[in-house]
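Keeping their order, the protein sequence lines are chains A and B. Counting with our numbering, you get residues 14 to 132 for the letters of the first sequence. Counting with our numbering, you get residues 14 to 132 for the letters of the second sequence.
Protein chains: 2
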Amino acid sequence: MRIGELARRTGVSERSLRYYETQGLLRAERTPGGHRDYPEAAVDRVVRIQELFAAGLHSSRIVQLLPCMRDTDGGPSAVATPRLVEDLTAERDRIDRMIADLVRSRDTLNEVIEAARQG
Amino acid sequence: MRIGELARRTGVSERSLRYYETQGLLRAERTPGGHRDYPEAAVDRVVRIQELFAAGLHSSRIVQLLPCMRDTDGGPSAVATPRLVEDLTAERDRIDRMIADLVRSRDTLNEVIEAARQG
DNA sequence: CTTGAATCTGACACTGATGTCAAGTTTTAG
DNA sequence: CTAAAACTTGACATCAGTGTCAGATTCAAG
Chain A
14 MRIGELARRT GVSERSLRYY ETQGLLRAER TPGGHRDYPE AAVDRVVRIQ ELFAAGLHSS
74 RIVQLLPCMR DTDGGPSAVA TPRLVEDLTA ERDRIDRMIA DLVRSRDTLN EVIEAARQG
Chain B
14 MRIGELARRT GVSERSLRYY ETQGLLRAER TPGGHRDYPE AAVDRVVRIQ ELFAAGLHSS
74 RIVQLLPCMR DTDGGPSAVA TPRLVEDLTA ERDRIDRMIA DLVRSRDTLN EVIEAARQG
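Quick look at the structure:
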């Protein structure tokens with residue numbers, strides 16, 4: 014599929030999809046004229062990438078991580094090196110803390126919302 | 014307490030504490046010489062502010078929210094206007110989606126980490 | 001062939017909290 | 001009194017993904 018359709022189906026802008034490519038996160042075949050041609054699996058991949066960005070991972074980290082993830086197309090997965098495992102563990106712990114923070118913030122908002130509904 | 018101690022106790026930089034003040038998030042008495050003098054409750058407040066920043070709320074939103082939160086010192090709390098409740102509800106829903114995303118990312122990382130431990 | 005939609009590359013701007021540095025003032029300890 | 005530490009304001013930089021615009025090219029349909 015071409016970039017417009019991928020953008021529409023993932024909700025990610027064309028600009029961002031091109032940026033992902035420069036960062037080595039996403040590859041695409043090219044038509045004879047130079048237009049990008051994505052495989053169906055790109056949809057899932059882009060969604061994953063977005064999730065990881067939302068989790069605060071940087072491009073460089075996602076680049077390392079992607080080949081180790083079991084893909085939707087069941088492609089051959091690499092195995093993380095000990096060094097990478099260490100880094101990913103740190104990321105995971107950071108995400109856990111982030112989740113805890115978010116839960117507290119959500120509860121705070123709910124308190125205020127509830128107080129207003131009753132007041 | 015002065016800004017250095019507040020920074021140390023909250024883990025937030027002095028730079029950020031001053032920024033919070035310019036945004037109307039944090040007030041401080043001043044010594045005759047002009048140095049900031051924070052009440053004990055500032056510690057909790059700063060922690061809350063940090064959490065809300067981490068949840069993706071902007072200064073302007075936190076400014077609206079703060080007076081509606083029940084403070085640690087049990088100060089008089091304002092009640093959110095209907096308009097604010099609407100905005101806060103949207104924020105809460107966004108946070109809920111963010112949490113869901115984070116959980117997925119964490120699970121992804123755990124999968125890779127586990128695969129490496131066994132591989 | 002023609003025309004309009006889609007895509008290409010490249011460049012520049014922005015966001016918004018935070019880092020950092022500079023020059024000057026206040027506070028505190030000896 | 002004095003020196004060091006802490007604090008002040010102000011300005012500029014940074015990050016990293018994303019928005020946006022311009023000009024050129026390709027694609028698809030009539």
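Glycine included, each C-beta is placed from N, C-alpha and C at the ideal position.
Straight-line gap, residue i to residue j (C-alpha atoms, nearest Å)
| i | j | result |
| --- | --- | --- |
| A:Thr-94 | B:Glu-99 | 47 Å |
| A:Gly-47 | A:Ile-62 | 24 Å |
| A:Leu-19 | A:Ser-72 | 20 Å |
| B:Asp-50 | B:Phe-66 | 23 Å |
| A:Pro-52 | A:Thr-102 | 31 Å |
| A:Val-125 | B:Val-60 | 17 Å |
| A:Arg-15 | A:Arg-22 | 11 Å |
| A:Ala-91 | A:Leu-97 | 12 Å |
| A:Asp-84 | A:Arg-107 | 24 Å |
| A:Arg-130 | A:Asn-123 | 10 Å |
| B:Leu-133 | B:Tyr-32 | A question about residue 133 of chain B goes unanswered here, because the residues of chain B that appear run from 14 up to 132. |
| B:Arg-58 | A:Gly-132 | 23 Å |
| B:Glu-42 | B:Val-25 | 19 Å |
| B:Thr-121 | A:Leu-70 | 12 Å |
| B:Cys-81 | B:Gly-17 | 28 Å |
| A:Leu-30 | A:Ala-128 | 43 Å |
| A:Gln-77 | B:Val-76 | 39 Å |
| B:Glu-27 | A:Arg-40 | 44 Å |
| B:Arg-74 | A:Glu-64 | 24 Å |
| B:Gly-37 | A:Gly-37 | 42 Å |
Per-residue burial, residue i [other beta carbons within 10 Å of its own, 16 or more giving buried]
| i | result |
| --- | --- |
| A:Ala-133 | A query on residue 133 of chain A cannot be resolved here, the shown segment of chain A reaching from 14 to 132 and no further. |
| A:Thr-44 | exposed |
| A:Arg-105 | buried |
| A:Ala-55 | buried |
| B:Thr-35 | exposed |
Sheet register partners of residue i (DSSP bridge)
| i | result |
| --- | --- |
| A:Arg-49 | A:Arg-43 |
For this session: Compile a chain-ordered list of the residues in the region 110–132 of chain A whose CB is closer than 8 Å to at least one CB of chain B.
Result: Within the region 110–132 of chain A, the residues whose Cβ lies closer than 8 Å to some Cβ of chain B are Met-111, Ile-112, Asp-114, Leu-115, Val-116, Arg-117, Ser-118, Arg-119, Thr-121, Leu-122, Asn-123, Glu-124, Val-125, Ile-126, Ala-128, Ala-129, Arg-130 and Gly-132, listed in chain order.
Problem set entry | Inter-stretch contact (C-beta, 8 Å, three-pair minimum) for the region 112–126 of chain A and the region 106–122 of chain B | yes
For this session: Taking only beta carbons into account, state which residues of the region 96–110 of chain A come closer than 8 Å to chain B, listed in chain order.
Result: The residues in question are Leu-97, Val-98, Leu-101, Thr-102, Glu-104, Arg-105, Ile-108 and Asp-109.
Exercise. Relative to chain B, which residues along the region 62–74 of chain A have a C-beta separation below 7 Å, given in chain order?
Worked result: For the region 62–74 of chain A, the set of positions with a beta-carbon nearer than 7 Å to some beta-carbon of chain B reads Glu-64, Leu-65, Ala-67 and Ala-68 in chain order.
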